[in-house]
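Only one structure is covered here, and it is reproduced in the block below.
Here it is, written out as C-alpha cells:
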C-alpha cells in the first residue's frame, strides 16, 4: 500500500498548490472538502459530489459514533463502502462537536463525558477513543482529539485549553500508532495569541504529524481577526506538510486563507445554505427566495455548467424553494458545491501560473459588482 | 406536427400492449406515469425519472395554478421547459384535488369556487378555465374537468354527479377546440353502478375523445370493489383508444387493472412511500425503518439494478432514513419508481409474448413468498 505524501508543485507568495497522495487517490490542493456529516453530503448522491470536482469528503466522528455507531460501520465494511465513496475521507475528532452539540458534558484530563443530542444516551470521548472510532470508520486522514474553546475567551483560559490539547495530541499520536497509508493531523490551538500559537506549533512539530490544522478559528471572531491570525499561524507550521483550516468558510475566507498558505478547507456553508435557498456564486450570495426571481427565465449563473444553471431558470429554483420541494435542496447544493470546486480549481491554476494576485483581484471585483440583475 | 395516436400491438385476454405516439415522444402501454405534482417528481431529477423508464409524467393542475401559476409557467415557456422534462406530460383537470385539498369550496353548474390551501386566496375552476390552464401549462394530454364523488355515496348522488360531469365533459370538449398533437381525455364516472358507468361511457363516446379515463375509483372502495367495477367499466369504453385508470395504485392494483384492459396509470405511492421509508419490491412492501435492517449488509433487492440497490446496503438505507437525511428520500423514491417501471415493462413483455397469466402468477407467488430475509 502506498504511503501518504504531500507534494508542493508551485507557490505564489505564501500560497501553495500541489497534491496529497493517498492509497484512495490524490487530493489536489488547495482543496475544499464537502461535509458528509452523517455518512451523506446532504441532498447529494456521492457520484454527483465527485462530479463537482471533490477529491475528498469530511465525516463527523461525533455524529457517526452516535448513529449508526462506529462499530456498526466497521462491521459493514467501513465508512467508504457504507456511504458509497471510495476516495479519501477525513474525519474530525468529535471534540469540536461535543462542545457545540452534546448535552451535560463533563470534561476532565481524561476526556469528555456527554449525552447524545439524539437520544440522551451517555458517551465518552478521549484521545484514545477518538482514534479508535476514526480507525473503525476507516478514515484516511484522522484528526487529533482536541479542545476548541469558543472566542472571545481570556488568555489564561486559551492557554490552559491549548496545553490540554497538546497533551491530548501526544496521546492521539500514541494511540494512532503506525498505520501506513493513513495520516494523522495535529491541530494548532492558541486562539488569537501569536505566542500561544507558536508554542502550540512547536509542541505539535515535536510530536510529528502528517499534516497540521489551524484549529480554533471561525468560531465567531470575524474575518479580520481570523486573517490577522492567519498572517502568522500557518508560517509557524511545517512548510512541507499540508495545512488545514478547519470549518472555513465563505468563498472570500477561503481565498484569503489560501493567500496566507492554507491547503485544505471544509465547511457546511455550500450544502447548508443550499438547503435554505442561498446560492453561492461568482457574484456573491444570491437569495433565490427573493420575489424578484419569480418570473426570471435566466439561469442562476449563465456561465456555470452545473445542472441547476444548465437546465433550470431562476424562476424554477424560486418556485421549488418556495414550495419546499426536495429538488430545491438538491439543485442549489449541487450548484454551491460546483461553485466551490470551481473556485478551488481557479486558485490552483492561478498559483500554478503565478498570477494569484490577478485572480484574487478579479474575484473581489466580480463580487463588488454584485448585482445579478446586471448580468 | 404529428398527431396524437394510439396503436395496439398485442393483446392477451383483455390486456393490451402498444404505444401512444405524440409529438413529444412515444408512451409505451401499459404505462405508469410518475406524479410531478408541483413541477417536480419529489426527490428526483427529471433525467433520473426518465432513466427509470418513464415515458410520461403527470402534473397537477390544482397545485400548479396556485403556485407558481399557469400564466407564469406559460410566460416561462411552458411546463416542459420549466421543469426540464421534454417528453409527454399529462395534466389532471384540478377537479379531484379541489374536492380533496381546497377550503370553503362552493360548487355550481358553472364550476367550483374555492380557497387555496396554501395562502387562502380565492380561485375559480370550471371546464373552460381548466382547459385554459392546461393549455397554458402546455400539457400533451389534457383531462376533462369533472366531479369525483367520494365513495360510498348513494346512487342518486352518484347519478347526479355523473350527469354533471358529462355536461362538463361537453363543455371541456368545446373549450379545448382543435389542437393537433394534443389530446383530450374524457373521464367516465358512475361510481360502482354498472348502468351509470354505461350511460357515462355512452355520453363520452358520443362527444368523442382521444382517450378515456375510468374516474371515481381508488377513493376508498377497496380492491375487490374496484376490480368488480373494472370487470365491466373498461369494456364500456372504445377499444381503439387508451384507457386510463386515475390515481391507481399499488403494484397488485396495477396488475389486476392491466388484466382488465387498462393502459395507463398514475399514483403518488412509489414517490410518497419512498419518502416514508417504504420500499416497493418484487417481494412486496419493505419497511426500511424496521430495526432488523440496521446491520444488514445486503442490498434491498439483489436483483434490482437501481442505484439504491446497486450501491447501498439495507443498513445504509435504514440509517439515512432514521437520520432523516434527504438521500433516504432520493434513493427509495428512485428504487420505487424503478420497480414500478420494471413491473410495467414485465407486463408489456408478457402481453406481447402471450403469457400474461404466467407473469401474473409469478408476480403473486413472489409476493406471497414475501419475507425479504429469505432472499
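Chains as they are written, first to last, in the numbering used here: chain A, 59 to 433; chain B, 59 to 433. For glycine and all other residues, C-beta sits at the position ideal for the given N, C-alpha and C.
Just measuring C-alpha positions, the residue of 321(B), 322(B), 361(B) sitting nearest residue 396(B) is 361(B). For residue 78(B), the secondary structure class from DSSP, reduced to helix, strand or coil, is strand. Taking 7 Å as the Cβ-Cβ cut-off, the stretch 167-186 of chain B has no residue approaching chain A. CA-CA distance, residue 302(A) to residue 284(A), rounds to 14 Å. Look at residue 369(A) here: in three-state DSSP terms it is helix. Less than 7 Å separates the beta-carbon of residue 391(A) from that of residue 101(A). Put simply, the CB of residue 98(A) is near chain B, with a gap under 7 Å to one of its CB atoms. Chain B places a beta carbon closer than 7 Å to that of residue 126(A), counting this residue as a contact. Per DSSP, residue 312(B) has no beta bridge partner at all. For chain B, the residues of the stretch 133-146 of chain A that bring a beta carbon within less than 9 Å of one of its beta carbons are 133, 134, 135, 139, 140, 141, 142, in chain order. The three-state reading of DSSP puts residue 69(B) in strand, counting E and B together. A contact between stretches requires three or more CB pairs, one per stretch, nearer than 8 Å, and the stretch 83-91 of chain A fails this requirement with the stretch 123-132 of chain A. Along the stretch 375-389 of chain A, the positions whose C-beta sits under 9 Å from a C-beta of chain B are 376, 377, 378, 380, 381, 383, 384, 385, 386, 387, 388, 389, read in chain order.
The Cβ atoms of residue 224(A) and residue 271(A) lie no closer than 7 Å to each other.
One thing to note: residue 75(B) has its Cβ within 7 Å of the Cβ of residue 410(B).
Distance from the CA atom of residue 281(B) to the CA atom of residue 310(B), rounded to whole angstroms, is 9 Å. Collapsing the DSSP output to three states places residue 223(A) in a helix.
At a beta-carbon threshold of 9 Å, the residues of chain B lying near residue 130(A) are 352, 353, 373, 377, ordered along the chain. Within the stretch 231-305 of chain B, the beta strand (DSSP E) runs of at least 3 residues that lie entirely inside it are, in chain order, 241-246, 269-272, 301-303. The alpha-carbon of residue 333(A) is positioned some 19 Å away from that of residue 112(A). Comparing alpha carbon positions, the residue from 229(A), 262(A), 403(A), 220(A) closest to residue 247(A) is 220(A). In the structure shown, the three-state DSSP call for residue 404(B) is helix.
Residues of the stretch 77-101 of chain B with a Cβ closer than 7 Å to any Cβ of chain A, in chain order: 96, 97, 98, 100, 101. If you look at residue 106(B), you'll find it in the alpha helix (DSSP H) that goes 104-109.
By DSSP's assignment, residue 339(B) forms a beta bridge with 342(B).
Rounded to whole angstroms, residue 257(B) and residue 216(B) show a C-alpha spacing of 12 Å. When C-beta distances to chain B are compared with 8 Å, the residues of the stretch 357-373 of chain A below that value are 365, 369, 370, 371, 373, in chain order. DSSP places residue 180(B) in the uninterrupted beta strand (DSSP E) bounded by 180-183. Within the stretch 405-418 of chain A, no residue has its Cβ closer than 9 Å to any Cβ of chain B. Distances from the alpha-carbon of residue 222(B) to those of 192(B), 209(B), 265(B), 169(B) put 169(B) closest. Counting along the chain, the unbroken beta strand (DSSP E) around residue 149(A) starts and ends at 147-149. Residue 319(A) holds the alpha-carbon nearest to the alpha-carbon of residue 69(A) among 273(A), 107(A), 319(A), 114(A). Residue 166(B) and residue 202(B) do not touch by the CB rule: their CB atoms are close to 18 Å apart, not below 8 Å. Ranked by how close their Cα comes to the Cα of residue 425(A), the residues 343(A), 239(A), 394(A) have 343(A) in first place. DSSP, read as helix, strand or coil, puts residue 203(A) in coil.
Using a Cβ-Cβ cut-off of 8 Å, residue 395(A) is close to nothing in chain B; its nearest Cβ partner there is about 14 Å away.
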